[in-house]
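Engineer: Numbered according to the numbering used here, the sequence shown spans residues 6 to 273.
C-beta atoms are modelled at their ideal positions from N, C-alpha and C, and glycine is treated no differently.
Below are the structure tokens for one structure; questions will follow.
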Amino acid sequence: MSTLTSLDGGTSSNDTRSVLTTNTVSLPSSSNSQRGKEGFVRRLFDAISPGYDFFNRVASFGLDQKWRRQTIARLHLVPEMRVLDLASGTGDLARLAAEEIAPLGCVVGCDLSGEMLKLAQKKFAKIPSARWHIKLTQGRAENLPFQDQSFDAATMGFALRNVSSLDETFREFHRVLKPDGRLSLLEFSRPNGFLVRLGHRFWLTVAVPLIGIITTRKVWPFLYLRHSILQFMPTAEVVKRLESAGFTNVQAESLTFGSVTIYSARRP
Ligand SMILES: C[S@@+](CC[C@H](N)C(=O)[O-])C[C@H]1O[C@@H](n2cnc3c(N)ncnc32)[C@H](O)[C@@H]1O
Numbered sequence: 006m007s008t009l010t011s012l013d014g015g016t017s018s019n020d021t022r023s024v025l026t027t028n029t030v031s032l033p034s035s036s037n038s039q040r041g042k043e044g045f046v047r048r049l050f051d052a053i054s055p056g057y058d059f060f061n062r063v064a065s066f067g068l069d070q071k072w073r074r075q076t077i078a079r080l081h082l083v084p085e086m087r088v089l090d091l092a093s094g095t096g097d098l099a100r101l102a103a104e105e106i107a108p109l110g111c112v113v114g115c116d117l118s119g120e121m122l123k124l125a126q127k128k129f130a131k132i133p134s135a136r137w138h139i140k141l142t143q144g145r146a147e148n149l150p151f152q153d154q155s156f157d158a159a160t161m162g163f164a165l166r167n168v169s170s171l172d173e174t175f176r177e178f179h180r181v182l183k184p185d186g187r188l189s190l191l192e193f194s195r196p197n198g199f200l201v202r203l204g205h206r207f208w209l210t211v212a213v214p215l216i217g218i219i220t221t222r223k224v225w226p227f228l229y230l231r232h233s234i235l236q237f238m239p240t241a242e243v244v245k246r247l248e249s250a251g252f253t254n255v256q257a258e259s260l261t262f263g264s265v266t267i268y269s270a271r272r273p
């Protein structure tokens with residue numbers, strides 16, 4: 006069973022037109038403000054939502070679901086838990102978590118993009134016999150629409166680069182998790198080693214935009230993707246910020262030659 010609650014009013018205008026300068030991407034000029042980045046990111050995901058899942062499968066060589074399963078495994082879920090999937094998008098992590106805790110547990114998927122959530126809702130509706138419970142709601146990572154200590158576990162996939170404030174997002178995770186709650190985050194990272202880095206650059210610069218054009222008929226979101234991965238902070242900095250937000254047992258585990266990282270932590 007799944008439900009979708011939504012959808013708040015739009016922010017202004019032309020953010021998605023902002024974007025290109027040759028092979029780099031500039032966020033809209035208003036992106037100095039949090040709201041500017043949020044508007045841009047929301048429009049980006051609204052725009053690519055129909056091709057998003059297919060893009061993921063092809064561009065990751067089919068590894069993306071394996072990474073998600075590993076991310077959910079770090080939560081050590083047990084039935085009856087209440088789990089948050091923040092930046093849930095089309096709901097793949099939410100579904101994996103919901104399968105683990107069915108039929109008594111519940112997953113709440115929260116995302117900025119109404120279009121991504123609508124797709125998640127459609128995907129879940131195609132499996133009427135499912136015994137899981139998933140609720141979807143539109144909201145901002147930096148100001149979650151949930152009460153303090155309302156989740157046993159929380160996850161987020163591929164959105165650390167996209168939120169407008171990482172520190173506020175981590176503080177919100179800490180606020181909504183119960184004591185002893187676990188957090189598991191999946192994000193792209195930059196591999197070590199000259200040859201792997203070279204291959205990674207090629208993948209980001211050539212393969213990803215090409216696959217993006219084929220699957221969504223748009224290129225600018227994939228230039229942003231490249232930019233956001235290359236500019237994102239080092240793994241050690243993410244670990245430091247999770248610790249500053251009050252998490253303990255923070256670990257960063259690199260997968261697939263370091264091209265993705267799972268961050269896991271505990272809320273004391
Ligand atoms: C790359 S998608 C990842 C979707 C999903 N987690 C997955 O594993 O495929 C990033 C998602 O983060 C959402 N997002 C970005 N910034 C956000 C924010 N500040 N608050 C909530 N969601 C946000 C986007 O709307 C998008 O659906």
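If you run the structure through DSSP and keep just helix, strand and coil, what is D153?
Structural biologist: Coil at D153, not helix or strand.
Engineer: Thinking C-beta only, is E192 closer than 8 angstroms to G166?
Structural biologist: The displayed chain sequence assigns Arg, not Gly, to residue 166. Yes, Cβ-Cβ distance for R166 and E192 is below 8 angstroms.
Engineer: Quick one: Cα of K42 to Cα of Y229, how far?
Structural biologist: Approximately 12 angstroms, taken between the alpha carbons.
Engineer: Hey, is F175 close to ligand 1, as in C-beta under 7 angstroms from one of its heavy atoms?
Structural biologist: Incorrect: F175 has no Cβ contact closer than 7 angstroms to ligand 1.
Engineer: Starting from the C-beta of G56, find all residues in its chain whose C-beta is less than 7 angstroms away, skip the five residues before and the five after it, and write them out in chain order.
Structural biologist: Contacts found: T220, T221.
Engineer: Going by beta-carbon coordinates alone, are L117 and Q143 separated by less than 8 angstroms?
Structural biologist: Taking 8 angstroms as the Cβ cut-off, L117 and Q143 qualify as a contacting pair.
Engineer: Could you check whether the Cβ of T220 sits closer than 7 angstroms to any heavy atom belonging to ligand 1?
Structural biologist: Not under cutoff, so the answer is no.
Engineer: Taking the beta strand (DSSP E) that P184 belongs to, which residues open and close that run?
Structural biologist: Per DSSP, P184 belongs to the beta strand (DSSP E) from 182-193.
Engineer: Which residue's Cα is closest to the Cα of T261: H205, G217, H232, G251?
Structural biologist: Closest by alpha carbon: H205.
Engineer: 8 angstroms is my cut-off, CB to CB: does L235 come that close to chain D?
Structural biologist: Absent from the structure: chain D. Only one protein chain is present.
Engineer: Could you give the distance in angstroms between the alpha-carbon of C111 and the alpha-carbon of P273?
Structural biologist: Looking at the two C-alpha atoms, the distance is approximately 22 angstroms.
Engineer: Is A103 helix, strand or coil when you go by DSSP?
Structural biologist: Looking at A103 - three-state DSSP - the assignment turns out to be helix.
Engineer: DSSP on M121, reduced to helix/strand/coil?
Structural biologist: Note: M121 maps to helix in three-state DSSP.
Engineer: Going by the C-beta, is T142 closer than 7 angstroms to any heavy atom of ligand 1?
Structural biologist: No, since every heavy atom of ligand 1 falls outside the 7 angstroms radius drawn around the Cβ of T142.
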